[in-house]
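Using the numbering used here, read the sequence shown as starting at 1 and increasing by one per residue.
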Amino acid sequence: MASRTFAIIKPDAVERSLTGRIISWIESEKLKVVALRRMHMTKAEAEGFYIEHKERPFFESLTGYMSSGPCCVAVLEGENAQERWRDIMGATNPNDANEGTIRKELAVGLEKNSVHGSDSEDSAKREISYFFSELEIV
Ligand code: IDP
Ligand code: MG
Numbered sequence: 001m002a003s004r005t006f007a008i009i010k011p012d013a014v015e016r017s018l019t020g021r022i023i024s025w026i027e028s029e030k031l032k033v034v035a036l037r038r039m040h041m042t043k044a045e046a047e048g049f050y051i052e053h054k055e056r057p058f059f060e061s062l063t064g065y066m067s068s069g070p071c072c073v074a075v076l077e078g079e080n081a082q083e084r085w086r087d088i089m090g091a092t093n094p095n096d097a098n099e100g101t102i103r104k105e106l107a108v109g110l111e112k113n114s115v116h117g118s119d120s121e122d123s124a125k126r127e128i129s130y131f132f133s134e135l136e137i138v
């Protein structure tokens, strides 16, 4: 059954004009982009999004980076979308990511790792509704 997940093309990728390439990559993997918006997150919006990492040592740096420039937020739909999008992205640290994954091919480093994907079905629901209303998902 088709399901949805949440994705971000992070500021490092948008800045390097990789938006189109990443969207093509998603579509070539038979995931549909059912919502898409370019935005520039405030620090507070980034903190709310990454609230689960509030106590982590990298929280300040991460939320500073995520609010440092425009990103693209998206909802992806397809068979097993949440797990598949994580597989297509690759491991958090691009040095550990498999060949042929987005992070292996495009990421700058552990923090500037180009893309975000929800880590569970529950996170996907929360993250989608943090950025999009149901009416914007088509
Ligand atoms: P994920 O994006 O693969 O789900 P998380 O552990 O949820 O990885 O971390 C969220 C984001 O925080 C990562 O994508 C990366 O940008 C950043 N990050 C994770 N761990 C570190 C770290 O140890 N140092 C700096 N940044 C980190
Ligand atoms: Mg995560």
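Even for Gly, the Cβ is constructed at its ideal location relative to N, Cα and C.
The structure presented is a predicted model; accordingly, all values stated were derived computationally and were not measured.
How is residue i classed by DSSP in three states: helix, strand or coil?
i    : result
A35  : strand
T19  : helix
L76  : strand
H40  : coil
T101 : coil
I9   : strand
V108 : coil
V14  : helix
R4   : strand
G48  : helix
G64  : helix
Cα separation between residue i and residue j?
i    : j    : result
N113 : N93  : 7 Å
A44  : A35  : 23 Å
L18  : F132 : 23 Å
E79  : M1   : 6 Å
Y50  : E121 : 16 Å
E111 : L135 : 32 Å
R56  : S24  : 33 Å
E99  : L106 : 11 Å
K54  : E15  : 26 Å
K104 : I26  : 15 Å
T125 : E52  : What sits at residue 125 in the sequence shown is Lys, not Thr. About 15 Å.
Tell me, to the nearest whole angstrom, how far the beta carbon of residue i is from that of residue j; I am working on the premise that it is less than 8 Å.
i    : j   : result
I128 : F6  : 5 Å
G90  : A97 : 3 Å
R4   : V75 : 6 Å
Nearer than 6 Å: is that true of the beta carbon of residue i relative to any heavy atom of the ligand ADP?
i   : result
L62 : Ligands displayed in this structure: the ligand IDP and the ligand MG; the ligand ADP is not among them.
Spell out whether any CB of chain B is found under 7 Å from the CB atom of residue i.
i   : result
I22 : In the structure shown, chain B cannot be found, because there is only a single protein chain.
Cβ contact (3+ pairs, closer than 8 Å) linking the segment 6-26 and the segment 65-83: yes
Please confirm if the segment 82-92 is in contact with the segment 115-124, defined as three or more CB-CB distances below 8 Å between the two stretches. yes
Give a yes or no on contact between the segment 30-40 and the segment 52-66, applying the rule of three or more CB pairs nearer than 8 Å. no
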